[in-house]
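Chains as they are written, first to last, in the working numbering: chain A, 1361 to 1565; chain B, -7 to 586.
Even for Gly, the Cβ is constructed at its ideal location relative to N, Cα and C.
These numbers were taken from a predicted model, which means no experiment stands behind them.
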């Protein structure tokens, strides 16, 4: 039922059971997915507001843009591979295949960890060049945005590690981890999009 | 994986085995609600005492040596922040949201009980961090609750080193706690409603809490973002917000930042925050008025639409808090227009409350006193909002007591009156006991009349030009000496109102043990939360079988029915009628499908 149709119902007119005999939620998906969607909106709002702040701060006179290190392109590649591996794991589980399952799940996480490590290496390199949190507002934003994105990824890795340990230790059948993997996949894609937007903003300004 | 609808899922409930898991680390939404509520009230009492200290200074300057300018500003700041965020937000969403949502939607619990428990404990941590700033070197921050840079981290501001950092940390932790709780409330309302309970059959309390939670999820990130950047400015001397400044002859190592950017971020959170508090209040008071007037709420659909409209509009009015910061006149015009437009759905709600009372079979129970009191204070505070929404009127009044009077009436006194109404309304359900009505009515009259004695004169002080945020007025040409007499009167009224709250605390605590046993559904309410098999509801709420819903929550005084309410869970076939021939006492609504 569409939202408009829903809110124009006259509840005082119709009595009796409305809808199917079993209770159903507003969306035909598990509650976890609904909660994740709302959480992703929260994440989107956070990064949008940071981006807006970035654009406003950029207009002021002391802003000194810098060319972003080329290594970020490599890192972007790592994150894309990580996302692809998660999608692959999700598809395997959907088809009920167990071959390559462990490889793809572990691989997805490992590439994400590699992304974070490589981001830290970029930080180190920049710091060695004297580019720090306080050298210029553009640099402050660089550290802030990349750091915050990394923290979000770490949160995802925590869920990934719980899921992976469950599967590898044999405490869970593949079907038991399907929801977790689906949630991780959506989250990974979302963080990839966030990264692409952030990288686009950083690289073009 | 087969999709299993949540509400029907007879999931393994987390069964508490010990006292600790039952009352301390409980995953039962009702226990968590009471933990949230009690913590919020406790920290609210701290804020109340701070306000009385401020009033003592203003009413009787140079009398109390314990209040110096620094501690006065610290009191102003902590009073404001605690009341808005740690009391009102936590109380209505963490407290009433937690208690009422699962009961009103016919669920056994929130959909993520563990996350729900975590939400409370993280909230408690945020409160502890905030309270710790009272004991930190330099004391809590005295930057004002809006925390405007650059003065937050300047040496002249009390608590500029430890206080502000603890404040920002506490806010960030609070936002994490709120997000955990908020995801739970939203998902529970959307996914865990029982059979037959469509969105448009939900009581307005749930609509208010639901919409406010969505606002919170979208608005708190702005505060989070601002707090993070400000923390970096304070700790690492970055220049997100900090401009170039010379402090005591020495240039600071910040330059070029934009303080106005902080104000935009703060108020992008700060204005929806008003409605994060107000929307649950609108919902709760609608249900209370309808129940005690024995009449369906007037214009249910309009009430829902108004809640949604107010929620949407609340995101495009924020800069009306910043008229005095200076802005392009066209922006001022835009924000003044949106601000005045938001008065339309709000006024619609007020009319509907009054029209619900119209020709109702009004029962002057204690909750109804507070609910009607709320209509008064809310109209009053709302009307002064129309003044301040206009740029040209706001400019001269913005820094005066007129603003203090406005926002205390509209988002201080009004929500607090509804909080009391709601506690008196649901106390029999929460505790299974009745409170002392006489004390409760004393509590009402002292609070209600006292609030007017405090805030009505402040409007006048504002017109005189008495500036707000001042530790002492000193002597000026434009403020007559009589203003001081008025200030002394306000302080005495504030002390009386403050003391009157002891009646409330005493009544509630005393009644928990000694109160008369409450009968099942003492107000004759039609909504689902009163139809549980046990009072107070036990863990799992509904016994072996989940309820089904056959009607909306407002079937009061239905023509032909032999009783003046029909619970939501009564099937149409069992609807009690006065038709003698077909009247079957076994199908009396009181024995209906619960």
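Can you tell me where the alpha helix (DSSP H) with residue i in it begins and where it stops?
{"i": "residue 21(B)", "result": "21 to 51"}
{"i": "residue 1519(A)", "result": "1497 to 1528"}
{"i": "residue 1483(A)", "result": "1461 to 1488"}
{"i": "residue 1544(A)", "result": "1538 to 1564"}
{"i": "residue 482(B)", "result": "474 to 506"}
{"i": "residue 96(B)", "result": "90 to 96"}
{"i": "residue 469(B)", "result": "Note, residue 469(B): premise wrong, no alpha helix (DSSP H); not H, not E."}
{"i": "residue 115(B)", "result": "105 to 124"}
{"i": "residue 318(B)", "result": "Segment: none, residue 318(B) is in no alpha helix (DSSP H) and carries neither H nor E."}
{"i": "residue 1451(A)", "result": "1431 to 1455"}
{"i": "residue 1392(A)", "result": "1391 to 1418"}
{"i": "residue 341(B)", "result": "335 to 349"}
{"i": "residue 155(B)", "result": "154 to 183"}
{"i": "residue 596(B)", "result": "The shown model of chain B, from -7 to 586, leaves out residue 596(B), and the question about it has no answer."}
Just to confirm before moving on: does the CB-CB distance between residue i and residue j stay below 8 Å?
{"i": "residue 1435(A)", "j": "residue 1479(A)", "result": "yes"}
{"i": "residue 513(B)", "j": "residue 522(B)", "result": "yes"}
{"i": "residue 427(B)", "j": "residue 507(B)", "result": "yes"}
{"i": "residue 289(B)", "j": "residue 546(B)", "result": "yes"}
{"i": "residue 629(B)", "j": "residue 520(B)", "result": "Outside the shown range of chain B, which is -7 to 586, sits residue 629(B), and nothing can be said about it."}
{"i": "residue 346(B)", "j": "residue 333(B)", "result": "no"}
{"i": "residue 1469(A)", "j": "residue 1521(A)", "result": "yes"}
{"i": "residue 1548(A)", "j": "residue 1464(A)", "result": "no"}
{"i": "residue 44(B)", "j": "residue 490(B)", "result": "yes"}
{"i": "residue 458(B)", "j": "residue 392(B)", "result": "yes"}
{"i": "residue 136(B)", "j": "residue 151(B)", "result": "no"}
{"i": "residue 438(B)", "j": "residue 492(B)", "result": "yes"}
{"i": "residue 587(B)", "j": "residue 1413(A)", "result": "Given that chain B is displayed from residue -7 to residue 586, the structure contains no residue 587(B) and the question cannot be resolved."}
{"i": "residue 96(B)", "j": "residue 198(B)", "result": "yes"}
{"i": "residue 1555(A)", "j": "residue 1409(A)", "result": "no"}
{"i": "residue 164(B)", "j": "residue 218(B)", "result": "no"}
{"i": "residue 561(B)", "j": "residue 187(B)", "result": "no"}
Would you grab the beta carbon distance between residue i and residue j for me? Rounded to a whole angstrom, and I think it's under 8 Å.
{"i": "residue 1496(A)", "j": "residue 1424(A)", "result": "5 Å"}
{"i": "residue 169(B)", "j": "residue 115(B)", "result": "4 Å"}
{"i": "residue 1502(A)", "j": "residue 1420(A)", "result": "About 16 Å; that fails the 8 Å criterion."}
{"i": "residue 1576(A)", "j": "residue 1453(A)", "result": "This structure gives no information on residue 1576(A), because the portion of chain A shown stretches from 1361 to 1565."}
{"i": "residue 145(B)", "j": "residue 226(B)", "result": "4 Å"}
{"i": "residue 303(B)", "j": "residue 203(B)", "result": "5 Å"}
{"i": "residue 57(B)", "j": "residue 207(B)", "result": "Contact doesn't hold; Cβ gap of about 44 Å is too wide."}
{"i": "residue 338(B)", "j": "residue 309(B)", "result": "The Cβ separation is near 12 Å, so there is no contact."}
Between residue i and residue j, what straight-line distance do the alpha-carbon atoms span, to the nearest angstrom?
{"i": "residue 126(B)", "j": "residue 66(B)", "result": "9 Å"}
{"i": "residue 576(B)", "j": "residue 553(B)", "result": "Below a pLDDT of 50, predicted positions are generally treated as unreliable, and residue 576(B), at 49, falls in that range; the measurement from the model is reported next regardless. Roughly 12 Å between the two C-alpha positions."}
{"i": "residue 316(B)", "j": "residue 1407(A)", "result": "29 Å"}
{"i": "residue 422(B)", "j": "residue 205(B)", "result": "23 Å"}
{"i": "residue 464(B)", "j": "residue 189(B)", "result": "57 Å"}
{"i": "residue 386(B)", "j": "residue 261(B)", "result": "21 Å"}
{"i": "residue 181(B)", "j": "residue 195(B)", "result": "11 Å"}
{"i": "residue 1524(A)", "j": "residue 1466(A)", "result": "7 Å"}
{"i": "residue 510(B)", "j": "residue 263(B)", "result": "40 Å"}
{"i": "residue 430(B)", "j": "residue 359(B)", "result": "13 Å"}
{"i": "residue 472(B)", "j": "residue 504(B)", "result": "50 Å"}
{"i": "residue 420(B)", "j": "residue 23(B)", "result": "15 Å"}
{"i": "residue 1544(A)", "j": "residue 1519(A)", "result": "8 Å"}
{"i": "residue 1388(A)", "j": "residue 445(B)", "result": "54 Å"}
{"i": "residue 1449(A)", "j": "residue 1526(A)", "result": "15 Å"}
{"i": "residue 435(B)", "j": "residue 495(B)", "result": "6 Å"}
{"i": "residue 183(B)", "j": "residue 177(B)", "result": "10 Å"}
{"i": "residue 456(B)", "j": "residue 192(B)", "result": "48 Å"}
{"i": "residue 409(B)", "j": "residue 162(B)", "result": "27 Å"}
{"i": "residue 1369(A)", "j": "residue 1386(A)", "result": "15 Å"}
{"i": "residue 1415(A)", "j": "residue 1559(A)", "result": "14 Å"}
Regarding residue i and the ligand ATP, is the C-beta to nearest heavy atom distance less than 7 Å?
{"i": "residue 1484(A)", "result": "This structure lacks the ligand ATP; in fact it carries no ligand of any kind."}
### Message
Taking 8 Å as the cut-off, does the stretch 250 to 262 of chain B touch the stretch 214 to 232 of chain B (at least 3 CB pairs, one atom from each stretch)?
### Response
A contact between stretches requires three or more CB pairs, one per stretch, nearer than 8 Å, and the stretch 214 to 232 of chain B meets this requirement with the stretch 250 to 262 of chain B.
### Message
Within 8 Å, do at least three Cβ pairs link the stretch 401 to 408 of chain B to the stretch 369 to 388 of chain B?
### Response
Touching, yes.
### Query
Is there contact here, the stretch 25 to 44 of chain B with the stretch 74 to 82 of chain B, by at least three beta-carbon pairs under 8 Å?
Taking a contact to require three or more Cβ pairs closer than 8 Å, the stretch 25 to 44 of chain B and the stretch 74 to 82 of chain B qualify as touching.
### Query
Does the stretch 343 to 361 of chain B come close enough to the stretch 283 to 302 of chain B that 3 or more CB-CB pairs lie under 8 Å?
The stretch 283 to 302 of chain B vs the stretch 343 to 361 of chain B: in contact.
### Task
Check whether the stretch 1539 to 1554 of chain A touches the stretch 1438 to 1453 of chain A, counting contact only when three or more Cβ pairs, one atom from each stretch, lie closer than 8 Å.
Yes: at least three Cβ pairs fall under 8 Å.
### Query
Are at least three pairs of beta-carbons, each pair with one atom in the stretch 264 to 279 of chain B and one in the stretch 293 to 306 of chain B, less than 8 Å apart?
Segments in contact, yes.
### Query
Any chance the stretch 217 to 231 of chain B sits against the stretch 1499 to 1519 of chain A, with 3 or more Cβ pairs inside 8 Å?
Under the 8 Å Cβ criterion, the stretch 217 to 231 of chain B counts as touching the stretch 1499 to 1519 of chain A, having at least three qualifying pairs.
### Message
Count Cβ pairs between the stretch 8 to 26 of chain B and the stretch 50 to 58 of chain B that sit closer than 8 Å; are there 3 or more?
### Response
With the cut-off at 8 Å, the stretch 8 to 26 of chain B and the stretch 50 to 58 of chain B do not touch.
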